[in-house]
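In this note's numbering, the protein residues as written are 1 to 704. Every residue, glycine too, gets a C-beta built ideally from N, C-alpha and C. Given the structure is predicted, the values throughout are model-derived calculations rather than measurements.
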Amino acid sequence: MGKYHNDQPIRGGSNDPDLLNRLDFANHLANALLLDHDDSCLTISLEGEWGYGKTSVINLVKGALNEKEQLPIIVEYNPWLAGNSDSLIQDFLIQLSSRLRISNHSENARKAAQELIIYSKLFSVAKLIPGMEPWASIIEKVFSGFGDINKEISDLDKLDLMAQKKKVSVALEKIKTPVVVIIDDIDRLTPAETFQVLRLVKAVADFSGTSFLLAFDANYLASVLNKNNIVNSTEYLNKIIQLRVPLPLISERGMNELVNVELERLSNKNLTDQFEGDQERLSWIYYKYFTKLIKNPRDLKRLFNHLRFVLLQIEGQVCFSDLFSLSLLATKSESIYNHIKNNPEAYIGCHLSKNNVMLNKTADVVASFNDIRNELISSHGGDKKEILHNLLGEIFPLIKSGNSPYRSASNADANGRVSSPQRLYIALHYNTPIEYLSDQQIQEFISGLIDRKDFLDNVLSNDAEDRFFEMMHIYADLCKDKSYEVLTDIFDAFLASEKLKKSLLSNLEFFSTDMYTKINWLVFEVISKSKAKYEIIKRIVEREENTPFSGDILRDIRSQYKEQNNDNFWLNTSQLNEIELIFQDVAISALSNKRFLNNNLEPHIFYALKASSKDKASAFISNLFGTSEGVIRISELIGESGRDSTNGPYVQIKDNDFSDFINIKILRAEVEKLYIEHYSKRTQAILKSIMDGRKYYLRDSTND
């Protein structure tokens with residue numbers, strides 16, 4: 001992936017070539033600027049809108065001048081850097097003087113530079129500001145060999161501007177070297193500064209043998225002149241500028257050259273290979289919309305900067321043609337792009353969050369935003385309005401505009417289109433600080449082409465678990481005969497992670513979902529899409545390492561029977577009874593071995609055992625009575641009732657909730673024998689709740 005553009009102009013040469021075929025134009029312009037030393041001053045303008053390459057052409061002109069047999073003295077002056085219209089003329093004359101001394105070490109050049117310094121001081125004195133000598137320190141450093149040129153000017157004859165200007169002109173002619181002054185960025189100046197530049201060119205520095213190249217946007221300059229009470233701006237400019245030259249038009253071929261270079265810099269592989277039909281769709285969008293919206297190199301660079309930033313994070317997760325289209329919108333209509341980001345339902349008919357359900361049909365939701373969308377589009381006016389409207393229809397078919405044969409896809413998600421919520425979510429959250437997971441990586445994970453354990457370790461270490469679960473939901477139907485292996489590898493990786501442990505101990509958050517729940521959602525999705533549900537469920541439940549999730553699977557199956565919807569049954573009654581018995585034995589073994597004690601999942605398993613067989617759960621507890629160690633073990637098994645947003649996991653042992661499988665009176669009597677403060681905060685909270693039935697937080701043993 002290449003570097004970003006910083007809007008720097010081209011320099012020419014093999015490493016920074018002229019792709020718009022402007023080199024001959026620049027050479028002709030250089031010839032026009034190259035005067036004889038005794039020719040009258042000539043001013044040429046290079047005119048074009050912002051972003052069309054005026055500065056790039058200037059660089060080509062400088063390159064051409066430096067290759068001439070008679071090298072001129074080139075003075076580049078950027079009035080934007082001066083930042084003060086009051087000192088702009090003095091600033092220019094000082095810079096011209098300095099450039100003379102640097103470019104030519106002759107005695108004539110030294111004298112001309114000295115005369116320019118004296119000339120520059122007169123513009124400060126002429127304003128009758130006593131003692132104002134802003135250039136004294138600069139002059140002293142650059143021209144320390146001139147003698148005492150900063151002495152107080154007391155003789156009135158020395159204040160004659162025209163006489164001093166004549167001295168400068170004569171001194172410059174003696175150098176016998178033409179001077180080319182290039183002034184760029186005039187269209188970035190304030191009205192006062194712009195007027196001073198024109199004054200400088202017309203009256204202050206129109207020396208013999210000197211040519212000026214002024215670069216500006218003519219429309220902007222006309223508005224500036226109007227603000228300075230110049231009614232006929234065209235005639236005014238014609239008095240100052242002898243040759244007005246517009247930038248050459250950028251041909252379609254030239255823009256195609258720039259685009260091809262940018263596409264090559266984006267990636268060394270074909271970016272449209274990931275999704276079917278993406279290349280054809282990209283070509284359609286390019287010729288129907290890009291060529292009509294992107295007219296200059298600056299906009300093109302901005303588009304590819306945006307596209308490059310997005311691709312660095314989500315390449316391969318959204319079809320390239322849609323990412324290209326969104327970057328096109330971001331470049332040419334920030335208001336529409338932001339509306340998509342802030343109101344995705346206006347384009348796809350639903351929220352991106354699974355928690356926000358829209359009650360209306362997606363097409364109706366999109367239609368309800370027609371007025372707002374049309375208002376945003378209409379703000380652009382002209383042909384651009386229709387182009388943007390149709391482009392939106394190409395990206396989001398529910399808007400019903402555009403006439404592309406590639407507009408719709410039978411499966412938008414499978415084709416990587418942002419008209420699907422999952423893909424739009426990825427495209428709009430490109431700046432989420434997590435490692436991106438491509439479609440290809442997920443497919444290889446499911447198929448086993450990559451080491452699943454290593455992959456999941458990377459997912460966890462790179463904080464990519466949210467993206468992982470999101471992508472796994474998209475590709476859950478690919479698991480098929482790999483479902484058992486995929487799920488058990490996920491169980492092992494996450495059950496061993498510190499992140500899952502911390503997640504189970506964290507506060508309940510209303511607008512986010514904990515990691516354990518996301519795993520359960522994925523399990524439900526994978527099993528739902530499998531044609532071998534019984535075989536997968538049995539293998540999962542038989543494996544002791546899966547016990548926490550096995551209990552959750554059985555809970556979901558029981559819920560299906562409660563709803564009495566035969567179409568949703570994963571197992572028949574006989575199969576369910578068989579799996580229940582297997583789970584009971586495996587759960588008792590896992591609890592006896594304390595396999596999940598450090599995961600904070602033992603209460604979860606115990607209550608799953610109780611849901612499967614209250615008798616076996618009661619018997620397991622009864623066998624623990626009689627010793628202090630047994631009481632602590634009971635507390636470990638029953639000691640989590642839920643979580644809240646205040647302080648996370650809590651316990652509340654109410655008599656009515658436990659009396660059907662635990663003798664609370666005997667348990668309480670056993671706890672009374674213990675010195676509670678000797679135990680951990682978590683154990684203290686459980687023991688306290690056994691004693692008084694109140695709610696205690698496991699984190700710090702406090703009650704609410």
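The alpha helix (DSSP H) spanning residue i covers which residue range?
i, result
"I638", "628–638"
"L214", "It is not in any alpha helix (DSSP H) - L214 instead sits in the beta strand (DSSP E) that spans 210–216."
"E76", "Per DSSP, E76 belongs to no alpha helix (DSSP H); it is in the beta strand (DSSP E), 73–77."
"S622", "614–622"
"Q652", "Looking at the DSSP string, Q652 is not in any alpha helix (DSSP H); the run it does join, the beta strand (DSSP E), is 648–652."
"Y696", "Segment 695–697 is the beta strand (DSSP E) holding Y696; no alpha helix (DSSP H) there."
Whose C-beta lies closer than 7 Å to the C-beta of residue i among residues of the same chain, with five residues either side of it excluded?
i, result
"L576", "I557"
"S641", "Y650, V651, Q652"
"F290", "L328"
Would you tell me roughly how many angstroms separate the C-alpha atoms of residue i and residue j, rounded to the nearest one?
i, j, result
"L20", "V365", "46 Å"
"P649", "K594", "20 Å"
"N232", "N226", "8 Å"
"I395", "F320", "12 Å"
"E235", "G382", "30 Å"
"Y536", "N703", "The amino acid occupying residue 536 in the given sequence is Ile; Tyr does not appear at that position. C-alpha separation (whole angstroms): 43 Å."
"T190", "N108", "37 Å"
"N296", "G51", "6 Å"
"Y675", "L460", "40 Å"
"A346", "K400", "13 Å"
"T488", "N546", "7 Å"
"I540", "A608", "15 Å"
"L637", "F304", "58 Å"
"R694", "E498", "30 Å"
"H678", "W521", "40 Å"
"A464", "D454", "13 Å"
"A112", "Q90", "15 Å"
"K533", "N390", "46 Å"
"Q70", "L388", "52 Å"
"H380", "S410", "32 Å"
"T573", "D660", "26 Å"
"N228", "D217", "17 Å"
"Y119", "I94", "9 Å"
"M342", "N360", "Reading the sequence as shown, one finds Asn at residue 342 and not Met. Their Cα atoms are separated by approximately 19 Å."
"K502", "F469", "18 Å"
Among the options, which residue has its Cα nearest to the Cα of residue i?
i, options, result
"K654", "F596, T646, I664", "I664"
"D38", "T291, P9, A113, I175", "I175"
"I377", "I336, I340, Y475", "I336"
"Y286", "N256, L266, N598", "N256"
"L65", "I182, A112, A163", "I182"
"K531", "D273, E498, N568", "N568"
"F276", "I442, D413, D454, A112", "The sequence shown places Glu at residue 276, not Phe. Minimum Cα distance to E276 is reached at D413."
"S106", "Q70, T177, L597", "T177"
"P248", "I450, G48, L200, D86", "G48"
"I582", "T517, S592, G551, N343", "G551"
"V586", "S701, P548, I621, N599", "P548"
"A476", "F445, F491, I450", "F445"
"L237", "E252, A215, I250", "A215"
"L478", "L505, R11, Q443", "Q443"
Grab me the residues of residue i's own chain with a C-beta within less than 6 Å of its C-beta, minus the 5 sequence neighbours each way, in chain order.
i, result
"T210", "C41, V179"
"I241", "T43, S45"
"Q584", "S612, S613, K616"
"P9", "T55, S56, N59"
"D457", "none"
"V75", "L96, R99, V181"
"F146", "Unreliable placement is indicated for F146, whose pLDDT of 48 sits below 50; the coordinate value is still reported in the next sentence. Closer than 6 Å at Cβ, skipping near neighbours: Q114."
"A171", "K111, A112, E115"
Skipping 5 residues on each side, what residues in its chain have a beta carbon closer than 8 Å to that of residue i?
i, result
"T362", "I348, G349, C350, L398"
"Q560", "N568, F569, W570"
"G254", "L19, L20, N21"
"L307", "L266, L323, F324, S327"
For the beta strand (DSSP E) containing residue i, list its first residue and its last residue.
i, result
"D644", "642–644"
"V318", "From DSSP, V318 is part of no beta strand (DSSP E); its letter is neither H nor E."
"P246", "243–246"
"T43", "42–47"
Checking contacts by CB at 8 Å: is residue i closer than that to chain B?
i, result
"L609", "Going by chain labels, chain B is absent from the structure shown, which holds only one protein chain."
Meets three-Cβ-pair contact criterion under 8 Å: the stretch 60–69 and the stretch 300–312: no
Contact the stretch 483–497 vs the stretch 510–528: 3+ CB pairs below 8 Å: A contact exists between the stretch 483–497 and the stretch 510–528.
Three CB pairs or more closer than 8 Å across the stretch 655–675 and the stretch 685–701: yes
Segment contact, 8 Å Cβ cut-off, at least three pairs: the stretch 217–225 with the stretch 184–204: yes
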